[in-house]
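**Student:** Everything in the sequence shown is counted per this note's numbering, starting at 20 for the first residue and increasing by one. Have a look at this one before I ask anything.
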Amino acid sequence: MKKTCLVTGCAGFIGSHLAQTLLDEGHAVIGVDNFASGYVHNMEGFKDHADFIFYEKSITEPGLLAQLKKEHSELDIVFQLAAVVSVPYSVEHPELTMQVNFEVNRDMLDAAREMGLSNFVFAGSAAEYGEEERLPVKEEYADDAEQLSPYGVAKYKSSSYIEKSGYGCALRFFNIFGPRQDPTSQYSGVISRFVDFGLAGKNMVIFGDGEQSRDFLYVSDVVISYLIASGLDRDGRGPLTGVYNVGTGKGRSIRELASVVAKLTSAPQEIDFRPERAGDIKHSRADVSKISARGFKAEIAFDEGLARTVEWAGK
Ligand SMILES: NC(=O)c1ccc[n+]([C@@H]2O[C@H](COP(=O)([O-])OP(=O)(O)OC[C@H]3O[C@@H](n4cnc5c(N)ncnc54)[C@H](O)[C@@H]3O)[C@@H](O)[C@H]2O)c1
């Protein structure tokens with residue numbers, strides 16, 4: 020059945036993939052973005068779609084959801100992706116981060132429930148676990164974690180509020196990668212930076228010994244987790260409530276990643292090692308049993324995801 024979905028952050032990396040898939044599946048999308056870190060060109064594939072409407076607005080605008088619901092009475096699902104996405108920026112702007120990454124979510128979740136919307140899906144983060152040493156990381160570990168930044172604190176406050184409310188769902192993403200991730204941003208993930216080095220024919224730069232590991236998930240698999248969370252995945256079990264890790268459950272070392280990207284871009288295999296950065300977490304890997312029990316499985320193999328990312332970046 021055709022649903023009308025609000026996607027905030029639709030001009031961003033993940034939001035643009037989600038909006039595109041929802042439209043491809045026959046749903047209508049109301050997009051909101053203020054271009055704090057997103058781009059018009061990310062919406063190129065769907066901005067003129069008949070079932071897409073875009074509002075250049077901030078999610079901090081009071082009463083935004085009520086206003087959108089008034090204009091689009093069929094609005095039924097909220098995908099809240101808009102956020103302060105940079106950890107260093109959150110350290111410099113803790114109040115704005117708390118407003119955008121927590122207070123707005125709390126208020127919008129309450130409003131969505133009052134309006135009787137079928138779900139509110141929030142983009143959480145592995146940063147909610149701080150420096151967790153128990154691996155793989157289970158959802159409940161966040162409850163006694165010490166988050167290392169205002170970004171992590173605000174994301175945790177949101178997902179914890181959602182969990183306690185018994186309405187809505189928080190997906191805690193680990194390291195996401197794929198086309199449209201912004202390599203020019205100083206905050207972008209290690210994969211988009213490596214792809215950038217590789218395409219420029221430069222050596223990869225690694226901070227520390229490269230044995231650090233992360234749980235990398237390709238962006239189209241993130242979209243699958245969104246479909247499951249919102250109940251749009253056709254398995255008939257309805258929307259999810261509570262908190263769910265989203266990852267592959269496998270760790271990949273940064274050194275392995277550098278080697279694969281260097282090969283794919285025909286860049287030198289030499290690596291420039293730099294001193295380890297203070298505060299870098301050594302290993303991170305999600306326990307994905309909870310979302311797997313609802314049918315989630317990463318479909319795109321790591322090397323295939325990297326090949327697609329390199330191909331996109333090289334265009
Ligand atoms: N990329 C990852 O690896 C990753 C990991 C964990 C969590 N997340 C979360 O997923 C979500 C999407 O991240 P992304 O990687 O696509 O980042 P992104 O920066 O590409 O997308 C975020 C989008 O939100 C918009 N935005 C920011 N503040 C806004 C505001 N006040 N009002 C309206 N729009 C606003 C930005 O302009 C941007 O288009 C974020 O909530 C992020 O915290 C991402």
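Heads up, the beta-carbon is just placed ideally off N, CA and C, and yes, glycines get one too. As the structure is a prediction and not an experimental result, all values here were calculated from the model.
Three-state secondary structure (DSSP) at R271?
**Tutor:** The answer is strand: DSSP assigns R271 an E or B state.
**Student:** Under a three-way DSSP split, which group does Y186 fall into?
**Tutor:** Y186 falls in the coil class under three-state DSSP.
**Student:** Would you mind working out which of G266, V172, I195 sits nearest L115, comparing C-alpha positions?
**Tutor:** Among G266, V172, I195, the Cα nearest to that of L115 is on V172.
**Student:** In this structure, how does DSSP classify D322 when only helix, strand and coil are distinguished?
**Tutor:** Here D322 sits in helix by DSSP.
**Student:** Give the DSSP-derived three-state secondary structure of V262 in the structure shown.
**Tutor:** DSSP places V262 in strand when its eight states are reduced to three.
**Student:** Taking a cut-off of 6 Å, which residues have a beta-carbon closer than that to any heavy atom of ligand 1, in chain order?
**Tutor:** Result: T27, G28, A30, G31, F32, I33, G34, V51, D52, N53, F54, A55, S56, G57, S77, I78, T79, L100, A101, A102, V104, V119, A142, S144, F192, N194, I195, G208.
**Student:** If I'm right that G261 touches C188 with Cβ under 8 Å, what's the distance once you round it to whole angstroms?
**Tutor:** Indeed, because the Cβ distance is near 6 Å, the residues count as touching under 8 Å.
**Student:** L115 lies in the beta strand (DSSP E); which residues open and close that run?
**Tutor:** Run containing L115: none in the beta strand (DSSP E); it sits in the alpha helix (DSSP H), 113-117.
**Student:** For D322 and N222, what's the separation of their Cα atoms in angstroms?
**Tutor:** D322 and N222: Cα-Cα distance of roughly 19 Å.
**Student:** Return the residue from the list F193, Y237, L128 that minimises the CA-CA distance to S177.
**Tutor:** When each option's Cα is compared against that of S177, the closest is L128.
**Student:** By Cβ distance below 6 Å, which residues in the same chain neighbour E182 in space, the five residues on each side in sequence not counted?
**Tutor:** These residues qualify, in order along the chain: G261, V262.
**Student:** Please work out which residues of its chain come closer than 6 Å, Cβ to Cβ, to F131, disregarding the five sequence neighbours upstream and downstream, and give them in chain order.
**Tutor:** Note on identity: in this sequence residue 131 is Ala, with Phe being the wrong assignment. Closer than 6 Å at Cβ, skipping near neighbours: V97, F139.
**Student:** Assign N194 to one of three DSSP states: helix, strand, or coil.
**Tutor:** Three-state result, N194: strand.
**Student:** Run the CB neighbour count on D52, radius 10 Å, all protein chains shown included, and call it buried at 16 or more, exposed below.
**Tutor:** Buried, because 16 or more other Cβ atoms sit within 10 Å of the Cβ of D52.
**Student:** Determine the direct distance from the alpha carbon of S211 to that of K282, and round the result to whole angstroms.
**Tutor:** The straight-line gap from Cα to Cα measures roughly 15 Å.
**Student:** DSSP beta-bridge partners for N138?
**Tutor:** N138 pairs with I96.
**Student:** Taking DSSP's pairing of strands, which residues face A47 in a bridge?
**Tutor:** A47 pairs with T23.
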